[in-house]
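Worksheet: one structure, shown below.
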């Protein structure tokens, strides 16, 4: 990679060992992925729950945090993805003291590095959405795909070590979705139906993700009969990124880089797939097959917006959840949900509101064992895709059907199963 | 070097020799693995129930989220990890995780590498040369 004088100085250790490690790491990654140089970034976003970090990762962070202040501080605004617990409610999840200890140590280390503990995967809805053309270094695949596709920003998937590196150096290797050449569509999806509920948007994302197949594919969708809202884009993108490892999509006449089909498919020669309403139904019913009862309902992955919190509260009014119902949001939305009475309404109906965590990033396997949870209902296709590996059997249903199941002792009836 | 050599477009880490565990399926440490017990745990994965410890994983494409960037390092710290990762298609997270963990990985082939390497064969993965490669020993 071509290095500027400043980057060469970083590599030589002029800014201390943390920056030296960071730029070395970025050069290795950039070299692997064909980057020719670096691009400055304006923000970084770090995924670093302690279930992923483990003790080794926490100790690794702490080693950097012990450096002198002048050598350890990030140089661009650097924020965090959800943590592995909500300290205020950890006992309800049966999180163990050792988990909380690792979380506290991680937070302490990040604060010493100058990282802002936003603990959210919906920063594009609540913190500072990037603007079109802005180069950023975001972690969390849902954050990246929304920022790239809906905002028109430019980021690759930056895992925790690379996002921290970007924070420390203020730049990232210029490959992938920082380059115009990679932002053109590689497959065309003709939608015969427009999804209705959030779980339908997630299912469409899952289907397109499976069709796309890998990180370097960019689907372009046509045929949608309306402009999806932010929560719909959020669920669609999160599922697409999860099932397909996809980081960018276009919706023709909707997303900013695809005002016309020719904008993203200049030569018109591209593989094409049709997706029908029946495909969306089949995708979802495959998960609920042979599950007639669930142990809990989870609204998470991504964290809920204020609007979703309001929807959950409305569905629960005058009812009572007979099994655990978790509504998980960001630390930025939670105070508004408290102030507007949404938290009170959800918890009065037997639900639990959690903030600053995400279900699958919070020791999901240990929670299952401690609480006897096995079968889970959710309206998040992303969570459905992930949680099987942690030993759960998920059912993907609408928010209304999930609430219905929670208020029926976990039973999934014909009425609730959609 | 007796068997056919398959060249990759990119590689990092040290040369390793180990039995191959092969499937036409994806890879994500978070989605697919029980990292405590060292087995593939996602029921839908073609290697569900198989131990990955000390094996050269030959798989199709990197999948899922960003957690693998930390998890390879954590797995290595406990010694419960694959010997190497060989993929048709990589994503940045795998490169980032391999870089942090000093883990052996090669990716990008002319042919489908999951069809070219027999499951269970002893293979050597060499990312150290000018052209990273894998061959059956």
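Residue numbers (the numbering used here), protein chains in the order written: chain D, 18 to 435; chain L, 10 to 146. Every residue gets a Cβ at the ideal spot worked out from N, C-alpha and C, and that includes glycine. Since this is a predicted model, take the numbers as computed values, not measurements.
{"Asked": "Buried or exposed: residue 291(D), going by 16 or more other Cβ atoms within 10 Å of its Cβ?", "Found": "exposed"}
{"Asked": "Using a cut-off of 9 Å between C-beta atoms, extract the partners of residue 42(D) located in chain L.", "Found": "105, 108, 109"}
{"Asked": "Are the CB atoms of residue 393(D) and residue 318(D) within a distance shorter than 7 Å?", "Found": "no"}
{"Asked": "Taking 8 Å as the cut-off, does the segment 157–172 of chain D touch the segment 257–275 of chain D (at least 3 CB pairs, one atom from each stretch)?", "Found": "yes"}
{"Asked": "If contacts are defined as beta-carbon pairs under 8 Å, then residue 60(L) and residue 48(L) qualify, I think. What distance do you get, rounded to the angstrom?", "Found": "5 Å"}
{"Asked": "Can you give the Cα-Cα distance for residue 31(L) and residue 323(D), rounded to whole angstroms?", "Found": "45 Å"}
{"Asked": "Counting contacts by CB-CB distance shorter than 7 Å, is residue 140(L) in contact with chain D?", "Found": "no"}
{"Asked": "So, for residue 90(D): in the same chain, excluding its five sequence neighbours on each side, which residues have a beta-carbon less than 6 Å away from its beta-carbon?", "Found": "131"}
{"Asked": "Does residue 403(D) come within less than 7 Å of chain L when only Cβ atoms are used?", "Found": "yes"}
{"Asked": "Would you please verify whether the beta carbon of residue 10(D) is less than 7 Å from any beta carbon of chain L?", "Found": "The displayed coordinates of chain D run from 18 to 435. Any statement about residue 10(D) would go beyond what the structure contains."}
{"Asked": "Please report the Cβ distance between residue 132(L) and residue 23(L), rounded to the nearest whole angstrom; I am assuming they are in contact, meaning their Cβ atoms lie under 8 Å.", "Found": "15 Å between Cβ atoms; not a contact."}
{"Asked": "Determine the contact status of residue 191(D) and residue 54(D), defining contact as a CB-CB distance below 7 Å.", "Found": "yes"}
{"Asked": "For residue 120(D), I'd like the list of residues in its chain whose CB is within less than 7 Å of its CB, leaving aside the five on either flank, ordered along the chain.", "Found": "67, 100, 101, 102"}
{"Asked": "Taking DSSP's pairing of strands, which residues face residue 51(D) in a bridge?", "Found": "Answer is none; residue 51(D) lacks a bridge partner."}
{"Asked": "Given a threshold of 16 other Cβ atoms within 10 Å of its Cβ, counted over all protein chains shown, does residue 378(D) qualify as buried or as exposed?", "Found": "buried"}
{"Asked": "When DSSP builds the beta bridges, which residues end up paired with residue 98(L)?", "Found": "70(L)"}
{"Asked": "Can you confirm whether residue 40(L), when its beta carbon is compared against all beta carbons of chain D, has any partner nearer than 7 Å?", "Found": "yes"}
{"Asked": "Kindly indicate if chain D contains any beta-carbon less than 7 Å away from that of residue 72(L).", "Found": "yes"}
{"Asked": "Can you give me the Cβ contacts of residue 152(D) inside the same chain, cut-off strictly under 8 Å, excluding the 5 residues immediately before and after it?", "Found": "56, 57, 58, 59, 170, 171, 172, 189, 195"}
{"Asked": "Is there a Cβ from chain D that is less than 7 Å from the Cβ of residue 60(L)?", "Found": "no"}
{"Asked": "Using 8 Å as the cut-off, can you tell me whether the segment 123–143 of chain D makes contact with the segment 405–419 of chain D, which would need three or more C-beta pairs spanning the two stretches below that distance?", "Found": "no"}
{"Asked": "Inspect the CB distances between the segment 23–35 of chain D and the segment 78–95 of chain D and report whether three or more fall short of 8 Å.", "Found": "yes"}
{"Asked": "Any C-beta of chain D sitting closer than 7 Å to the C-beta of residue 16(L)?", "Found": "no"}
{"Asked": "Can you list, in chain order, the residues of its chain with a C-beta nearer than 7 Å to that of residue 47(D)? Leave out the 5 residues immediately preceding and following it.", "Found": "18, 190, 192"}
{"Asked": "Ends of the beta strand (DSSP E) at residue 342(D)?", "Found": "342–346"}
{"Asked": "Out of curiosity, what's the CA-to-CA distance linking residue 367(D) and residue 117(D)?", "Found": "25 Å"}
{"Asked": "What does residue 289(D) reach in chain L if we use C-beta pairs closer than 7 Å?", "Found": "What residue 289(D) touches in chain L: nothing, since even the nearest Cβ is about 21 Å away."}
{"Asked": "Would you say residue 232(D) faces chain L, with C-beta separation under 7 Å as the test?", "Found": "yes"}
{"Asked": "In the DSSP assignment, the alpha helix (DSSP H) including residue 162(D) goes from what residue to what residue?", "Found": "158–163"}
{"Asked": "How far does the alpha helix (DSSP H) with residue 302(D) in it reach, from first residue to last?", "Found": "294–305"}
{"Asked": "When DSSP labels each residue in this structure, what does residue 234(D) get in the three-state scheme?", "Found": "coil"}
{"Asked": "Closer than 9 Å between beta carbons: that is the criterion. Which residues of the segment 75–91 of chain L meet it against chain D?", "Found": "75, 76, 77, 78, 79, 80, 82, 83, 84, 85, 86, 87"}
{"Asked": "Counting only runs of 3+ residues fully inside the segment 349–373 of chain D, write out the beta strand (DSSP E) ranges in chain order.", "Found": "369–372"}
{"Asked": "Since residue 46(D) meets chain L, which of its residues come closer than 8 Å, beta carbon to beta carbon?", "Found": "101, 104, 105, 108"}
{"Asked": "Within its chain, find whatever has a CB closer than 7 Å to the CB of residue 391(D); leave out the 5 residues flanking it on each side and keep chain order.", "Found": "312, 385, 409, 410"}
{"Asked": "Less than 7 Å separating the beta-carbons of residue 92(L) and residue 65(L)?", "Found": "yes"}
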